[in-house]
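Going by numbering that gives the first Met the number 0, the letters in the sequence shown line up with residues 0 to 446, in that order.
The beta-carbon is built from N, C-alpha and C at its ideal position, and this holds for glycine as well.
These numbers come from a predicted model, not from an experiment.
Down below is the structure, laid out as structure tokens.
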Amino acid sequence: MNSVYLSDIPRVITALAEWCACLTTYLLCAHNHTRRISGPRLWATLGVGLAVQCLFMQLTDELRIIFWLPCMMVAVALMFGLIAACCNMPLVSVGYCTVRAFLLAEFAASLEWQLYSYALYALGWQEEGMRKGVLSVLMLAGVYAAVFSFLYWLESRRADPRAAMAFQLKELWSPILIALTCFFLSNLSFINSGIPFTSTVLTEIYNIRTLVDLAGVAMLYAYHVQRCEFHMQRELDAIQNILQNQYNQYRQSRESIDIINHKYHDLKHQIAVLRAEPDAARRSAYLDGMEEKIRDYEAQNKTGNSVLDTVLTGKSLYCARHGIELTCVADGARLEFMDVMDICTIFGNLLDNAIECELGIKEKEKRLIHLAVYAKKGFLVIQCENYCPAQLEFQDGLPVTTKQDKAYHGYGIKSIRHAADKYGGTVTIHDRDDWFEINTMIPLNAQ
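Laid out in structure tokens, this is it:
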């Protein structure tokens, strides 16, 4: 057996693997719009991180085995600091990414050194010289490029929900336990080869380390996929509940409005009877006023679409009770091609979001909402704007919530997008000049 098999992984190779794992994590964060820095600041931070990681690994290369575990903990802490400096995530989420990055780095370093050692031994390039140096560089670049590029491709093609990365501290125990178990099992033979589950054959020791690390990477990926699917299903359930709630609100509003219409119909007959009786001029004027109010009620929210009329009337009554001025210019006939549930979803959520914002404004004269529905250049345009003096922060095209539960927010807008997507439509959001505006555009050929 060649002597190269007797050597452990050079520390600089491990440091490079850890740095590449941090870089891969940053690229995934940039793909998901959660990067903290970019440009020259990014490369300066990455450069400092690489230098510190390599320097630390080299300085601790000759320490006794008793210091091995504390040194690895410091190396993991350096990875944590580099990821936290580059990625805009809560520290608990950074911890989760660090656990995955560390185990991935262990696998990449082990695989590269094992393949290099095998090639060096099998090809007989043991002597010092250019061939050995070229083989070392090519093997390092090739294996690292393959491992980290494959993982980036595997994860970047997934559209994972942001809530999947919103960890609580207690949720870290499962990935940490997986990583620690794999790390200790993969290195057990290097610590003590005379106990069960270890080996004294060097090639087997290399195989154990590489394969156990690979199993750990696979388990953490499976854990991540399962977690993302759970949150995606939870998000879909939340959107479906919103859709159902909006439809239920429409049915309740329809029933309430039918009752009101019936009462007003009776009231008109009562007025006719009173008017037939001899009465004073003052009473006649009073009755004229009542009749005028009835005509105003009958005329309001007559858009040409009965579903939209119902939604608007229900929201108008709520706005009137809370000092919110809701104006509407809508060509409801343009909505005939849309499903009842989708009309309820889009307009119900648009108005609910606007109303929620206006309720937080103390000056009632500034509580303003305007809704418009019209056709323009072959598109159905649904525009809802409301007065919003607050400066909003956006993330993934959605305003960041100010509520306590930041993991699950924006489902109202997501449900609007979901309904618009069914007809090939798009939803855009703007925040300018103290006005918050949501525009939904649906091609009219969708009908």
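Segment limits, alpha helix (DSSP H) that includes residue i
i, result
"Q57", "P39 to L58"
"N87", "Taken as a continuous stretch (DSSP letters only), N87 belongs to no alpha helix (DSSP H), as it is neither H nor E."
"I345", "V339 to L358"
"T13", "R10 to H30"
Beta bridge counterpart(s) of residue i as assigned by DSSP
i, result
"W434", "Y386 and R431"
"L210", "According to DSSP, which records beta bridges pairwise, L210 is partnered with nothing at all."
"C327", "L370"
"T425", "M440"
"F378", "K375 and P442"
"R34", "C86"
Residue i at chain D interface by Cβ criterion, 8 Å
i, result
"A217", "Annotation note: the requested chain D is absent from the structure, which comprises a single protein chain."
Spatial neighbours of residue i in its chain, beta-carbon cut-off 7 Å, leaving aside the 5 residues before and after
i, result
"T33", "C86, N87 and M88"
"V328", "A371"
"L41", "C85"
"G303", "D330, G331 and A332"
Which of helix, strand or coil DSSP assigns to residue i
i, result
"H321", "coil"
"P442", "strand"
"R233", "helix"
"Y4", "In this prediction, Y4 scores a pLDDT of 46, lower than 50, which makes its location untrustworthy; the coordinate-derived value is nonetheless stated afterwards. Helix at Y4."
"R416", "helix"
"R226", "helix"
"F336", "coil"
"K361", "coil"
"E309", "Note on residue identity: the sequence assigns Thr, not Glu, to residue 309. DSSP places T309 in helix when its eight states are reduced to three."
"G303", "coil"
"I111", "Note on identity: in this sequence residue 111 is Glu, with Ile being the wrong assignment. Of the three classes helix, strand and coil, the one that applies to E111 here is helix, per DSSP."
"R99", "helix"
"E203", "helix"
"E105", "helix"
"L81", "helix"
Beta strand (DSSP E) segment containing residue i, residue limits
i, result
"L367", "L367 to K375"
Residues near residue i by beta carbon distance below 6 Å, same chain, minus five either side
i, result
"K365", "Y386"
"A20", "A100, L103 and A104"
"L443", "G377 and L379"
"C28", "R34 and C86"
"F435", "N385 and C387"
"L325", "S315, C318 and I368"
"Y115", "M138"
"K405", "Here the model assigns K405 a pLDDT of 47, short of 50, so the residue's position is not dependable, and the following value carries that caveat. None."
"P9", "none"
heavy atom of the ligand ADP below 7 Å from residue i C-beta
i, result
"A419", "Here there are no bound small molecules, and the ligand ADP is not part of this structure."
Entirely enclosed alpha helix (DSSP H) segments - the region 131-198, minimum 4 residues: 172-190
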